[in-house]
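Okay, so here's the structure we're looking at.
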Amino acid sequence: MPHVITQACCGDASCVYACPVNCIHPTPDEPDFGTAEMLYIDPATCVDCGACVTACPVGAIAPGHRLTDEQQRFAQVNAAQYDADLFATDIRFPVDMGKRLPLAPVTAPVPLRAGPQHVAIVGSGPSAMYAADELLRLPTVTVTMYERLSAPYGLARFGVAPDHTATRTVMRLFDDVARHPRLRILLDCEIGRDLTLEELRERHDAVLWAGGAPTDRTLDIPGTDAAGYTCATSVVGWYNDHPDFAGERFDLSGDRTVIIGNGNVALDVARILTADPDDLESTTISRTALAALRESRVGEVLVVARRGPLQAAFTLPELIGLADHRPGTVDIIVDAADLEGVTADPDDVTEREKLALLRELAGREPTAGAPRIRFAFGLAPREILTAGGRVTGVRFARNTIGADGTATPTGGTVDVDAGLVLSSIGYHGVAVPGLPFDERRGIIPNDEGRVMDGDSPVPGVYVTGWIKRGPTGFIGTNKTDSARTIAAWRADVERGVGVPARR
Ligand code: NAP
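Counting in numbering that gives the first Met the number 0, the sequence shown runs from 0 upward without gaps.
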């Protein structure tokens, strides 16, 4: 059977370039790449060579006959993108091969014509590591990386859930980059505290800001100052031993936790809060968090979205991961009423599959006594309900969802009891003193990674990752993003444009 890409797909597209028959799509130069929830192997074109398995940094690819029970559904997910019949034997090229290049285009690094360059990278998360990797392909470039924490790799270390062990192996790839003799990583070094941005600019030919989006979007409703309300990303930091969250304590004594927002962060947190602690024992989870989870009384995590199932922010691979992980140990509950009259766009394969899986979940019989992750749709948070300064629940306004996905309040409300309320409504970038900032989007304004002050580029200063494009995409999305920024930097260096004379 052909190879199959599974849940851990990080989207860094290394597999695309390794594939000798160009059967993995979308490729970074195809229009769907920016919006795809994962990459897919065309089962009719795959020649089963395994080159993609070797290239994948997170072990997300397996031969079809070696899929685990939990991964089985991904064979269909891959095939569906190509309209291929997984079990047909008489087809070879069901897609229009005339539209495809026989091989994904690979560009060999051309040495810089400009002299040696010393580049500073601020941050050491995925976008920083991919940028360093790209820069170090050029033999006359040296890189110094500045990381404020005492351990590198940002969200790859402190953001990926501990039970996503395959995804966390991307750090091995970053270890390889970190060992490069022309890369120096300075830990415990914060720009703005230990060095100013100006000093950094004076010491390097260019500065690449890859500081990510370190805060949360805030929910602007009454009651968010009560004890028992916090953001889901604090829980993520806590269970991943992030030093900023090591001292956090969450009240897990109530039966229900409500998570507002239904992106992949919400799913990660819901999964960890309902997991059997014994299953987490062998992971990298913080031992403090594990001890707290052993004492937890949380029986239900309610994941609430203000819009409908078709607008759900979680991705299909993550929903499959929830649905198929040891069925019976945690119930995933979907109310069939939320799916009534909902129809997927017939041309949107991912939407079709997501809706079909939600319907399947709505039809499952719950297991008596198992912890539950329950999805709710069409409920916008209005107020955190409190008593004596503590959270007691959430008041939601009911919405109807239009065909275009917009939410309109019906005028009705519903109150839900909860002992802990977490908002999971996205990350937000923070301003960097001395650089322009777009407060609404939480990004540093830029043109293909060149920092822009109005219409003028800030000489020698570039951005990549979430602070460049906003908090979207997967770990590997940063590879393409950083390559684009480095291409812009390179064009400037070669033309001598926008490059500051080093003082
Ligand atoms: P996200 O995907 O942007 O989801 C944010 C959620 O918050 C959406 O449901 C959104 O609903 C809702 N929301 C926003 N403002 C709201 C408000 N005022 N009131 C109520 N709901 C509100 O954010 P995320 O979960 O933090 O994820 C960030 C990125 O990291 C995503 O690209 C995600 O895929 C990625 N990530 C991936 C993984 C993984 O692959 N395992 C794990 C974690 C994170 P609307 O759509 O209605 O705005």
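Think of the CB as a built atom: it goes at the ideal place given N, C-alpha and C, for glycine as much as any other residue.
Bear in mind that the values here come from a model prediction, so they are computed numbers and not experimental data.
{"Asked": "Classify Thr88 as buried or exposed, calling it buried when 16 or more other Cβ atoms lie within 10 Å of its own Cβ.", "Found": "Caution applies to Thr88, whose pLDDT of 43 falls short of 50 and renders its modelled position unreliable; the model cannot decide the point."}
{"Asked": "When you compare each of Ile372, Glu350, Val235, Lys353 to Glu299 by their alpha carbons, which one comes out closest?", "Found": "Ile372"}
{"Asked": "Give the single residue among Arg255, Leu419, Asn239 whose Cα lies nearest to the Cα of Ala288.", "Found": "Asn239"}
{"Asked": "Just checking my contact of Ile442 with Arg468 at CB under 8 Å: how many whole Å lie between their CB atoms?", "Found": "7 Å"}
{"Asked": "Taking buried to mean at least 16 other C-beta atoms within 10 Å of its own C-beta, is Arg502 buried or exposed?", "Found": "Since pLDDT at Arg502 reaches only 44, below the 50 mark, its modelled position is unreliable, and no value is offered."}
{"Asked": "Take Asp162 as the anchor and find which of Thr223, Leu279, Gly153, Ala119 has the nearest alpha-carbon.", "Found": "Leu279"}
{"Asked": "For the region 197-208 and the region 148-164, state whether three or more C-beta atom pairs, one from each stretch, are separated by less than 8 Å.", "Found": "no"}
{"Asked": "Just list the residues that DSSP pairs Leu185 with in beta bridges.", "Found": "Tyr145"}
{"Asked": "Determine the DSSP secondary structure at Gln116, reduced to helix, strand or coil.", "Found": "strand"}
{"Asked": "Quick one: using the 10 Å Cβ neighbour count with 16 as the cut-off for buried, is Arg91 buried or exposed?", "Found": "With a pLDDT of 37 at Arg91, under the threshold of 50, the modelled position of this residue cannot be trusted; read the value that follows with caution. Arg91 should be labelled exposed."}
{"Asked": "Can the beta-carbon of Ala54 be found closer than 7 Å to that of Cys14?", "Found": "yes"}
{"Asked": "Taking just the CA atoms, how far does Arg389 sit from Leu66?", "Found": "47 Å"}
{"Asked": "Please confirm if the region 244-256 is in contact with the region 352-359, defined as three or more CB-CB distances below 8 Å between the two stretches.", "Found": "no"}
{"Asked": "On the DSSP letters alone, give me the boundaries of the alpha helix (DSSP H) that Tyr238 sits inside.", "Found": "231-238"}
{"Asked": "Does the region 335-350 come into contact with the region 378-395, if we say contact requires no fewer than three beta-carbon pairs (one atom in each stretch) closer than 8 Å?", "Found": "no"}
{"Asked": "Using the Cα positions of Ala209 and Asn263, report the straight-line distance between them to the nearest angstrom.", "Found": "22 Å"}
{"Asked": "Output needed for Phe173: all residues of its chain with C-beta closer than 6 Å, excluding positions within five of it in sequence on either side, in chain order.", "Found": "Met128, Tyr152"}
{"Asked": "Three Cβ pairs or more, each shorter than 8 Å: is that satisfied between the region 181-196 and the region 130-146?", "Found": "yes"}
{"Asked": "Can you list, in chain order, the residues of its chain with a C-beta nearer than 7 Å to that of Val235? Leave out the 5 residues immediately preceding and following it.", "Found": "Gly158, Val264, Asp267, Val268"}
{"Asked": "How close, in whole Å, do the beta carbons of Gly222 and Leu384 come, if the pair is a contact with beta carbons under 8 Å?", "Found": "7 Å"}
{"Asked": "Can the beta-carbon of Val118 be found less than 7 Å from the beta-carbon of Ile190?", "Found": "no"}
{"Asked": "Please classify Asp215 as buried or exposed, where buried requires at least 16 neighbouring CB atoms within 10 angstroms.", "Found": "buried"}
{"Asked": "Take Gly320 as the anchor and find which of Gly63, Gln6, Glu29, Val450 has the nearest alpha-carbon.", "Found": "Gln6"}
{"Asked": "Taking the straight line between their C-alpha atoms, what separation do you get for Asp82 and Arg351?", "Found": "13 Å"}
{"Asked": "Does DSSP classify His2 as helix, strand or coil?", "Found": "strand"}
{"Asked": "So, for Val415: in the same chain, excluding its five sequence neighbours on each side, which residues have a beta-carbon less than 7 Å away from its beta-carbon?", "Found": "Val257, Leu301, Gly392, Val393, Phe395"}
{"Asked": "Tell me the DSSP secondary structure of Pro435 in three-state form.", "Found": "coil"}
{"Asked": "Go ahead and pull the three-state DSSP assignment for Arg389.", "Found": "strand"}
{"Asked": "Taking the continuous alpha helix (DSSP H) assigned at Pro125, which residues delimit it?", "Found": "125-134"}
{"Asked": "My parser needs the beta strand (DSSP E) runs of 3 or more residues fully inside the region 336-404; what are they?", "Found": "371-375, 378-386, 389-400"}
{"Asked": "Of all the options Gly63, Phe313, Asp491, which has the alpha carbon lying nearest to the alpha carbon of Gly260?", "Found": "Phe313"}
{"Asked": "Compute the minimum distance between the beta carbon of Val264 and the heavy atoms of the ligand NAP, and state whether it is under 6 Å.", "Found": "yes"}
{"Asked": "So, with DSSP's three-state summary, where would you put Thr407?", "Found": "strand"}
{"Asked": "What does a CB cutoff of less than 8 Å around Thr412 pick up in its chain, not counting 5 residues either side in sequence?", "Found": "Arg381, Arg394, Phe395, Ala396, Arg397"}
{"Asked": "Hey, how far is the Cα of Ala290 from the Cα of Pro56?", "Found": "31 Å"}
{"Asked": "Would the beta-carbon of Gly260 be found less than 6 Å away from any heavy atom of the ligand NAP?", "Found": "yes"}
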